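Numbering (full-length UniProt numbering), first residue to last: 1 to 346.
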């Protein structure tokens, strides 16, 4: 059996990891994605990393290709991360210093990159569908991106795809996240020409279909920030629709639920499901699962309503309220968890 578990087509990261400052080159990003492919969210421990170099180099050979891969492995190993904790203390100012990998090796004889994830990175990569506050991405889409920093930018914007569907960083903070350097490209026209426009061209291509729109934010005449409008997770392009079961690329179905004059329970269910669609930005596949889970059962309806109210009360304290709600619903409703488990094993 191939240890890289090529049946994985979707990879996951915690939003704290995605949103931390982390410069990552194109080849390094490909190594990282293939390492993420090794992880199954249902596992209890992070697996060893084992990647055939063809998955990274795509048939390229020769001294320059291997030198590039060797440098990418070094860069991934040297990546020091300053992360917001996901477990234990969440007080302002708390942080964890760690790396993505504890070791990584390149064997040109066997043709494999091998290694291990750093122990402290576990809660940022594993069992995220249970914990919430995560983002998933299609591997094929990630590997389609060729522009330097495009993968990092793609992950960053997708992490804001639920909730408000927008992201408005200052220009300095965005450059710091992408380059670890807020002073790079001091002239906005250069940042626009060499970074923003090439990446946005890839995002909105037919192959990727991530229809992001952006506008500069000005202080006086100077551009000091950028406002990104991010498409809802269930607004898709044809290639994405063909990919099947995935929380962010499930084919949309008309899930505007009609109230029933004959059943007060169904009337209440219709109201709450439409709230999940409009306020909580639940995708069509999630609404289908919840509709099946609560049916016309008043007890289940009350449980759903109370769970929504509890998360809504903490809305301003949460990075991604819809993801937190979904994680709690999987704990509260056995049928929802089973449906998600079936997806993860698919």
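Yeah, the Cβ is synthetic: ideal placement off N, Cα and C, and Gly gets one too.
The structure presented is a predicted model; accordingly, all values stated were derived computationally and were not measured.
Buried or exposed for residue i, going by 16 or more other Cβ atoms inside 10 Å?
{"i": "residue 95", "result": "exposed"}
{"i": "residue 76", "result": "buried"}
{"i": "residue 309", "result": "exposed"}
{"i": "residue 215", "result": "exposed"}
{"i": "residue 244", "result": "Legend: pLDDT at residue 244 = 35, less than 50; position of this residue unreliable, no value from coordinates given."}
{"i": "residue 108", "result": "exposed"}
{"i": "residue 183", "result": "exposed"}
{"i": "residue 93", "result": "exposed"}
{"i": "residue 219", "result": "exposed"}
{"i": "residue 132", "result": "buried"}
{"i": "residue 106", "result": "buried"}
{"i": "residue 71", "result": "exposed"}
{"i": "residue 118", "result": "buried"}
{"i": "residue 299", "result": "exposed"}
{"i": "residue 97", "result": "exposed"}
{"i": "residue 206", "result": "exposed"}
{"i": "residue 351", "result": "Residue 351 lies beyond the residue range present for the chain, which begins at 1 and ends at 346; the question has no answer from this structure."}
{"i": "residue 187", "result": "exposed"}
{"i": "residue 313", "result": "exposed"}
{"i": "residue 37", "result": "buried"}
Could you check where the alpha helix (DSSP H) with residue i kicks off and where it finishes?
{"i": "residue 185", "result": "Per DSSP, residue 185 belongs to no alpha helix (DSSP H) and is neither H nor E."}
{"i": "residue 194", "result": "Run containing residue 194: none; DSSP gives neither H nor E here."}
{"i": "residue 285", "result": "284-294"}
{"i": "residue 28", "result": "26-37"}
{"i": "residue 155", "result": "150-158"}
{"i": "residue 309", "result": "298-313"}
{"i": "residue 173", "result": "171-179"}
{"i": "residue 16", "result": "15-18"}
{"i": "residue 57", "result": "54-57"}
{"i": "residue 327", "result": "321-332"}
{"i": "residue 137", "result": "Note, residue 137: premise wrong, no alpha helix (DSSP H); beta strand (DSSP E) at 134-138."}
{"i": "residue 128", "result": "128-131"}
Give me the Cα-Cα distance between residue i and residue j, rounded to the nearest whole angstrom.
{"i": "residue 82", "j": "residue 200", "result": "28 Å"}
{"i": "residue 264", "j": "residue 29", "result": "Interpretation of residue 264 is limited by its pLDDT of 49, a score under 50 that renders its predicted location unreliable; the figure taken from the coordinates is listed afterwards. Spanning the two alpha carbons is a distance of roughly 52 Å."}
{"i": "residue 62", "j": "residue 114", "result": "20 Å"}
{"i": "residue 23", "j": "residue 223", "result": "22 Å"}
{"i": "residue 66", "j": "residue 202", "result": "26 Å"}
{"i": "residue 338", "j": "residue 301", "result": "19 Å"}
{"i": "residue 174", "j": "residue 273", "result": "36 Å"}
{"i": "residue 21", "j": "residue 169", "result": "13 Å"}
{"i": "residue 86", "j": "residue 103", "result": "23 Å"}
{"i": "residue 225", "j": "residue 179", "result": "16 Å"}
{"i": "residue 152", "j": "residue 316", "result": "26 Å"}
{"i": "residue 138", "j": "residue 294", "result": "30 Å"}
{"i": "residue 217", "j": "residue 171", "result": "9 Å"}
{"i": "residue 291", "j": "residue 10", "result": "25 Å"}
{"i": "residue 425", "j": "residue 80", "result": "Residue 425 is absent from the model: the chain starts at 1 and stops at 346."}
{"i": "residue 340", "j": "residue 33", "result": "23 Å"}
{"i": "residue 181", "j": "residue 303", "result": "47 Å"}
How far does the beta strand (DSSP E) with residue i in it reach, from first residue to last?
{"i": "residue 115", "result": "112-117"}
{"i": "residue 71", "result": "Per DSSP, residue 71 belongs to no beta strand (DSSP E); it is in the alpha helix (DSSP H), 63-78."}
{"i": "residue 84", "result": "Counting along the chain, residue 84 falls outside any beta strand (DSSP E), and DSSP gives it neither H nor E."}
{"i": "residue 219", "result": "213-219"}
{"i": "residue 226", "result": "222-229"}
{"i": "residue 107", "result": "101-107"}
Got a sec? Which residues, its chain only, sit under 8 Å from residue i by beta carbon, not counting five neighbours each side?
{"i": "residue 311", "result": "318, 321, 324, 325 and 328"}
{"i": "residue 334", "result": "none"}
{"i": "residue 204", "result": "210, 211 and 212"}
{"i": "residue 148", "result": "25 and 26"}
{"i": "residue 231", "result": "161, 165, 210, 211 and 212"}
{"i": "residue 185", "result": "175, 191, 194 and 195"}
{"i": "residue 307", "result": "325, 328, 329 and 332"}
Excluding the 5 residues preceding and the 5 following residue i in the sequence, name in chain order all residues of the same chain whose CB lies nearer than 7 Å to its CB.
{"i": "residue 128", "result": "12, 14, 41 and 134"}
{"i": "residue 258", "result": "Only weak support is given to the placement of residue 258: the predicted model assigns it a pLDDT of 42, under 50, and the value that follows is read from those uncertain coordinates. Here the set comprises 270."}
{"i": "residue 287", "result": "255, 273, 276 and 277"}
{"i": "residue 348", "result": "This structure leaves residue 348 out entirely; the chain is present only between 1 and 346."}
{"i": "residue 68", "result": "27"}
Any heavy atom of the ligand NAP closer than 6 Å to the beta-carbon of residue i?
{"i": "residue 219", "result": "Although the ligand NAP was asked about, the structure shown includes no ligands whatsoever."}
Using C-beta distances below 6 Å, list every residue in its chain close to residue i, excluding the 5 sequence neighbours before and after it, in chain order.
{"i": "residue 84", "result": "16"}
{"i": "residue 130", "result": "none"}
{"i": "residue 229", "result": "166 and 213"}
Give a yes or no on whether the minimum CB-CB distance between residue i and chain D is below 7 Å.
{"i": "residue 129", "result": "In the displayed structure, chain D is absent; only one protein chain is listed."}
Evaluate contact between the segment 134-147 and the segment 179-192, counting only Cβ atoms and requiring at least three cross-stretch pairs below 8 Å.
-> no
Is the number of C-beta pairs between the segment 13-23 and the segment 117-125 that are closer than 8 Å three or more?
-> yes
Given 8 Å, three or more beta-carbon pairs between the segment 277-286 and the segment 317-333 = yes
Quick check: the segment 28-44 against the segment 157-170, are there 3 or more CB pairs under 8 Å?
-> no
Stretch pair the segment 47-58 + the segment 102-121: three plus CB contacts closer than 8 Å = yes
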